[in-house]
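Okay, structure first, notes after.
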Amino acid sequence: MYAYDELDRTLINERVSEFRDQVKRRLSGELTEDEFKMLRLQNGVYLQLHAYMFRVAIPYGTLSSKQLRRLAHVARRYDRGYGHFTTRQNIQYNWIKLSDLPDALADLAEVGIHAMQTSGNNMRNVTSDQWAGVAPGEVEDPRIWSEILRQHTTLHPEFSFLPRKFKIAITASEHDRAAIKVHDIGLRLHKNADGETGFEVLVGGGLGRTPFIAKIIKPFVHGRDILSYVEAILRVYNQYGRRDNIYKARIKILVHELGIEKFAREVDEEWKQMGHSALTLDHSAIEEVRSRFSYPAYEKLPHMPDELKQAAHDPLFERWRKNSVAPHKVQGYSIVTLSLKPVGGPPGDATADQMDAVADLADKYSFGEIRVGHEQNLVLPHVAKRDLPQLWKALDRLGLATPNVNLVTDIIACPGLDYCSLANARSIPIAQELTRRFANHDTAEMIGRLHINISGCINACGHHHVGHIGILGVEKNGEEFYQITIGGRADENAQMGVLIGPAVPYAEVADVIEDIVEAYLALRDRPEELFVDTVKRLGVEPFKERVYATR
Amino acid sequence: MPLVKNARTTTDLFVQIADGAELPGDGAILVPAARFLEDPEAVLKHAGKVGVVWPNNRDLDDLVPYLDRLAAVALVFPSFRDGRAYSQARLLRERHGYDGELRATGQVLRDQFVFMSRAGFDAFEVKKDADADAFAETMKRYSVFYQPTGDGRVTALNRRMQLRHSESAGQ
Numbered sequence: 002m003y004a005y006d007e008l009d010r011t012l013i014n015e016r017v018s019e020f021r022d023q024v025k026r027r028l029s030g031e032l033t034e035d036e037f038k039m040l041r042l043q044n045g046v047y048l049q050l051h052a053y054m055f056r057v058a059i060p061y062g063t064l065s066s067k068q069l070r071r072l073a074h075v076a077r078r079y080d081r082g083y084g085h086f087t088t089r090q091n092i093q094y095n096w097i098k099l100s101d102l103p104d105a106l107a108d109l110a111e112v113g114i115h116a117m118q119t120s121g122n123n124m125r126n127v128t129s130d131q132w133a134g135v136a137p138g139e140v141e142d143p144r145i146w147s148e149i150l151r152q153h154t155t156l157h158p159e160f161s162f163l164p165r166k167f168k169i170a171i172t173a174s175e176h177d178r179a180a181i182k183v184h185d186i187g188l189r190l191h192k193n194a195d196g197e198t199g200f201e202v203l204v205g206g207g208l209g210r211t212p213f214i215a216k217i218i219k220p221f222v223h224g225r226d227i228l229s230y231v232e233a234i235l236r237v238y239n240q241y242g243r244r245d246n247i248y249k250a251r252i253k254i255l256v257h258e259l260g261i262e263k264f265a266r267e268v269d270e271e272w273k274q275m276g277h278s279a280l281t282l283d284h285s286a287i288e289e290v291r292s293r294f295s296y297p298a299y300e301k302l303p304h305m306p307d308e309l310k311q312a313a314h315d316p317l318f319e320r321w322r323k324n325s326v327a328p329h330k331v332q333g334y335s336i337v338t339l340s341l342k343p344v345g346g347p348p349g350d351a352t353a354d355q356m357d358a359v360a361d362l363a364d365k366y367s368f369g370e371i372r373v374g375h376e377q378n379l380v381l382p383h384v385a386k387r388d389l390p391q392l393w394k395a396l397d398r399l400g401l402a403t404p405n406v407n408l409v410t411d412i413i414a415c416p417g418l419d420y421c422s423l424a425n426a427r428s429i430p431i432a433q434e435l436t437r438r439f440a441n442h443d444t445a446e447m448i449g450r451l452h453i454n455i456s457g458c459i460n461a462c463g464h465h466h467v468g469h470i471g472i473l474g475v476e477k478n479g480e481e482f483y484q485i486t487i488g489g490r491a492d493e494n495a496q497m498g499v500l501i502g503p504a505v506p507y508a509e510v511a512d513v514i515e516d517i518v519e520a521y522l523a524l525r526d527r528p529e530e531l532f533v534d535t536v537k538r539l540g541v542e543p544f545k546e547r548v549y550a551t552r
Numbered sequence: 281m282p283l284v285k286n287a288r289t290t291t292d293l294f295v296q297i298a299d300g301a302e303l304p305g306d307g308a309i310l311v312p313a314a315r316f317l318e319d320p321e322a323v324l325k326h327a328g329k330v331g332v333v334w335p336n337n338r339d340l341d342d343l344v345p346y347l348d349r350l351a352a353v354a355l356v357f358p359s360f361r362d363g364r365a366y367s368q369a370r371l372l373r374e375r376h377g378y379d380g381e382l383r384a385t386g387q388v389l390r391d392q393f394v395f396m397s398r399a400g401f402d403a404f405e406v407k408k409d410a411d412a413d414a415f416a417e418t419m420k421r422y423s424v425f426y427q428p429t430g431d432g433r434v435t436a437l438n439r440r441m442q443l444r445h446s447e448s449a450g451q
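This is the structure in structure tokens:
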């Protein structure tokens, strides 16, 4: 965990005071709603269908138990007793009152949490692998670099009024859990031939109405130069990104219109001019940030403790363990994913009581640390294997042990028309219905890894383009219709899904998904072939035939 | 529209010249970029101080050769949300070494002051009187800064490193 020092604390307190003053000026009428809109958006406050929505940053998805308890407190005191974890490792509250916001922020600031730049046309929360620092085989802990970037992008004097929002994601593993290829800048940490740490830099990825997979702009940027290189990209974007049309303002459009070669030349030219600047990170600067991270004092534990051997006789425990427990880089420990996707529940929601209980479990079993993943689940990153049976029982009582991680019911969904003023259609009830259809865990296990992503509009907050099955809500003659894509993925082999045919009405979506899954079960050449691989092998046609033959 | 310099509202000594208007015989003038570029040498012969209003979508390269003879450059914020002039300001100050007046014009509101000052602006044509009055107070909002810019403010990282040095020296 990164520990805030006095300077970090001072800055977020100063931001709370500033926002308090801005709210005061809005409530007194000194600021018009139009003027205030830009200010509240810089601090994560949207006006939704029914109320203000408040998005709080969880930088690179890392939380302490103390911080999670405070998030629970905000849910309880200022909202309706729950929060919604998002695909960018943040948390949203949907029912907060404007006049309460400064106090909620002040409460969060006490534990080092803020809402800076969780919306607006600025550099958003830097996201990373939810297994950062614990995944086996990682190049190094990407959170050091995430934190360096978090600080650098916070209240940046040049890039706080960009053409459009700007998202950076970092991974340090072969298997990309941070979806870096669908970010404005994706950074893949790796080492060069001399063993020096640096980044493969990708640019121009993104979803929304014009989806693009990011392109490699530079195969290796040395760690010491990463801030200046990112700054060069942003400077080119700030000056030349389109501002005439909100739908063409993301950097992906600039990269696409210029072509990656020309864009790369512009960035290189700017970068050369910057030369050796104050942005160059020397070794001691990097070590200063690294030194503020604390790591658990792991015990020397056996690979296979007796507790685990005994619990293996319980099929329910085994089912959960096989599904939700992943190898840790330290022997005797595990990474445990807590599914926020119970059957019939809205994906990613957690109640204040659940948050408090998870904080307690983190203290007891995970060195007080919790992670949030972009799949809208929570993670306890350092659980001793001997504690797994006890933890499982506790999670089961809390409704957080649904053994469906990465399975068909582990659905990513945006809030949709139930909350969002941009949405054309509902997302949550579709997800809920699908979790009921596939509620049988044996069936879900037999289907295997299958990501369903649902967005209630073209803005793609549910990342439907990169779902193995993507569901996009559209409006047709005042009714909710859904376009279905298949074959998308967000990992290191990221690609956009392909539309299988005409949109279907709300009432038919779950049937269509069942048809697609049945087609897959019939078409896969062996049980290990994942849905997404079958689609890759056979293309869309056989699925299309199956779905539309009877419709 | 009040002009804020040195944290105080002050009289604007520059006369803004409209496109196509005659230049006055003397006194400080702010000339639109297009007019200036028609014949820069002629404008620079003007008896008083010369400043140029530079649009935010025009490359600075055309202005750079004249910077050392300009008393002011005014950059434009057509709206609060259009941040191109922040980049221009930093380039003028940090890359091209411009040290004359750097003025923010357009939709300039209280909540941009700190950003603008950090980017190198030192004169502000502020839209609202109340915001101009609040300038000095607003500039005190922040005492911690993460990014190095040309404004000379010490960054959080530098403060931490200094602290480390003094701690290790004391041991």
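Residue numbers (my numbering), protein chains in the order written: chain A, 2 to 552; chain B, 281 to 451. Don't be surprised by glycine CBs; every beta carbon is placed ideally from N, CA and C. It should be emphasised that the depicted structure is a prediction, and the values quoted were computed from it without experimental measurement.
Fill in: A:Ile114 and A:Gln43 closer than 8 Å at C-beta
Using a Cβ distance threshold of 8 Å, A:Ile114 and A:Gln43 do not count as a contacting pair.
Item to complete: Assess, as a yes-or-no matter, whether the stretch 313-323 of chain B is touched by the stretch 535-551 of chain A under the definition of 3 or more beta carbon pairs within less than 8 Å.
Response: Counting Cβ pairs under 8 Å, fewer than three are found: no touch.
Fill in: A:Phe221 versus A:Trp96 - alpha carbon distance
Answer to the nearest angstrom: the Cα atoms are 45 Å apart.
Worksheet entry | Chain-order list of residues whose beta-carbon lies under 8 Å from that of A:His74 (same chain, five-residue window excluded) | So the list reads Asp108, Ala353, once near-sequence residues are dropped.
Worksheet entry | Residues from the stretch 367-388 of chain B in contact with chain A, defined by Cβ distance under 7 Å | Answer in chain order: Ser367, Arg370, Arg375.
Practice prompt. Just the C-alpha distance for A:Tyr296 and A:Met2, rounded to the nearest angstrom, thanks.
Written response: In this structure, the alpha-carbon of A:Tyr296 lies about 7 Å from that of A:Met2.
Worksheet item: Within the 8 Å Cβ cut-off, does B:Asp362 reach chain A?
Response: Yes, B:Asp362 counts as interfacial toward chain A.
Worksheet item: Which whole-angstrom value describes the C-beta separation of A:Ala298 and A:Leu389, a residue pair presumed to lie in contact below a C-beta threshold of 8 Å?
Response: Going by Cβ atoms, the distance from A:Ala298 to A:Leu389 rounds to 20 Å, so no, they are not a contact pair.
Worksheet item: Expressed to the nearest angstrom, what Euclidean distance is found between the alpha-carbon atoms of B:Leu355 and A:Ala110?
Response: Inter-residue distance for B:Leu355 and A:Ala110 is about 36 Å (C-alpha atoms, whole angstroms).
Discussion item. Within 8 Å of any Cβ in chain A, is that where the Cβ of B:Pro428 sits?
Written reply: When Cβ-Cβ separations below 8 Å define contact, B:Pro428 makes contact with chain A.
Item to complete: Could you work out which residue in A:Asp350, A:Pro430, A:Asp443, A:Ala426 is closest to A:Gly400 when comparing CA atoms only?
Response: The shortest C-alpha separation from A:Gly400 is found at A:Asp350.
Worksheet item: Is the Cβ of B:Ser448 closer than 8 Å to any Cβ of chain A?
Response: For B:Ser448, the answer is no, since every Cβ of chain A falls outside 8 Å of its Cβ.
Worksheet entry | Integer Cβ distance of B:Arg439 from B:Gly400, believed to fall under 8 Å | Wrong, their Cβ atoms sit about 21 Å apart, outside the cutoff.
Item to complete: Taking B:Ala287 and B:Met419 to be in contact with their CB atoms under 8 Å, please state how far apart those CB atoms are, rounded to whole angstroms.
Response: That belief holds up - the Cβ atoms of B:Ala287 and B:Met419 are roughly 6 Å apart, short of 8 Å.
Worksheet item: What three-state label does DSSP hand A:Arg70 in the structure shown?
Response: Note: A:Arg70 maps to helix in three-state DSSP.
Discussion item. Spatial neighbours of A:Asp9 within its chain, please: C-beta separation below 6 Å, excluding the five flanking residues on both sides.
Written reply: Take A:Asp9, set aside five residues on each side of it, and no residue of its chain has a beta-carbon closer than 6 Å to its own.
Discussion item. Please classify B:His445 as buried or exposed, where buried requires at least 16 other C-beta atoms within 10 Å of its C-beta.
Written reply: With fewer than 16 other Cβ atoms inside 10 Å of its own Cβ, B:His445 counts as exposed.
Fill in: Simplified DSSP assignment, three categories, for A:Asp245
Residue state, collapsed to three classes: coil.
Fill in: Supposed close pair A:Asn126, A:Arg89 - CB separation, criterion 8 Å
Rounded, the Cβ-Cβ distance is 6 Å, consistent with contact.
Practice prompt. Could you round the C-beta distance between A:Leu203 and A:Ile186 to whole angstroms and report it? I think they count as a contact, below 8 Å.
Written response: Here A:Leu203 really is in contact with A:Ile186; their C-beta atoms are around 7 Å apart, less than 8 Å.
Worksheet item: Could you give the residue range of the beta strand (DSSP E) that holds A:Ser161?
Response: No beta strand (DSSP E) holds A:Ser161; DSSP gives it neither H nor E.
Worksheet item: Using the beta-carbon count (16 or more within 10 Å), is A:Ala4 buried or exposed?
Response: Exposed, since its Cβ has fewer than 16 Cβ neighbours within 10 Å.
Worksheet item: Between the Cα of A:Lys342 and the Cα atoms of A:Lys365, A:Val409, A:His329, which residue gives the shortest distance?
Response: That would be A:Val409, whose Cα lies nearest to the Cα of A:Lys342.
Practice prompt. Tell me A:Ser335's beta-bridge partners as DSSP assigns them.
Written response: Beta-bridge partners assigned by DSSP to A:Ser335: A:Pro328, A:Val384.
Worksheet item: Which residue's Cα is closest to the Cα of A:Ala445: A:Asp534, A:Asp512, A:Arg320, A:Gly468?
Response: For the residues A:Asp534, A:Asp512, A:Arg320, A:Gly468, the minimum Cα distance to A:Ala445 belongs to A:Arg320.
Practice prompt. Pick helix, strand or coil for A:Thr11, following the three-state DSSP scheme.
Written response: Note: A:Thr11 maps to helix in three-state DSSP.
Worksheet item: When you compare only the Cα positions, how much space is there between B:Asp411 and B:Phe393?
Response: B:Asp411 and B:Phe393: Cα-Cα distance of roughly 9 Å.
Discussion item. Against chain A, does B:Val344 count as a neighbour if the rule is that its beta carbon must be under 8 Å from one of theirs?
Written reply: For B:Val344, the answer is no, since every Cβ of chain A falls outside 8 Å of its Cβ.
Worksheet item: So, do the stretch 220-235 of chain A and the stretch 341-353 of chain B have three or more beta carbon pairs nearer to each other than 8 Å?
Response: Taking a cut-off of 8 Å on C-beta distances, the stretch 220-235 of chain A does not touch the stretch 341-353 of chain B, as fewer than three cross pairs fall below it.
Practice prompt. Within 10 angstroms of the Cβ of B:Gln442, are there 16 or more other Cβ atoms? Answer buried if so, exposed if not.
Written response: Sixteen is the threshold: since fewer than 16 other Cβ atoms of the shown chains lie within 10 Å of the Cβ of B:Gln442, the residue is exposed.
Worksheet item: How about the stretch 447-463 of chain A and the stretch 412-431 of chain A: do they share at least three Cβ pairs that are nearer than 8 Å?
Response: Yes, the stretch 447-463 of chain A is in contact with the stretch 412-431 of chain A.
Practice prompt. With distances taken Cα to Cα, identify the nearest neighbour of A:Tyr79 among A:Leu106, A:Glu7, A:Lys249.
Written response: Taking A:Tyr79 as reference, the option from A:Leu106, A:Glu7, A:Lys249 with the minimal CA-CA separation is A:Leu106.
Practice prompt. Please list the partners that A:Ala550 has in chain B, where partner means a Cβ-to-Cβ separation under 8 Å.
Written response: Ordered by position in chain B, no residue passes the 8 Å Cβ test against A:Ala550, which lies about 50 Å from the chain.
Fill in: Reference A:Cys462, options A:Arg527, A:Val256, A:Ala426, closest by Cα
Nearest option by C-alpha distance: A:Ala426.
Fill in: Contact list for A:Ala286 against chain B, beta-carbon separation under 8 Å
In chain order: Leu437, Met441.
Discussion item. So with CB distances below 7 Å, who are the chain A contacts of B:Asp402?
Written reply: By Cβ distance, chain A contributes nothing, its closest Cβ being about 14 Å from B:Asp402, past 7 Å.
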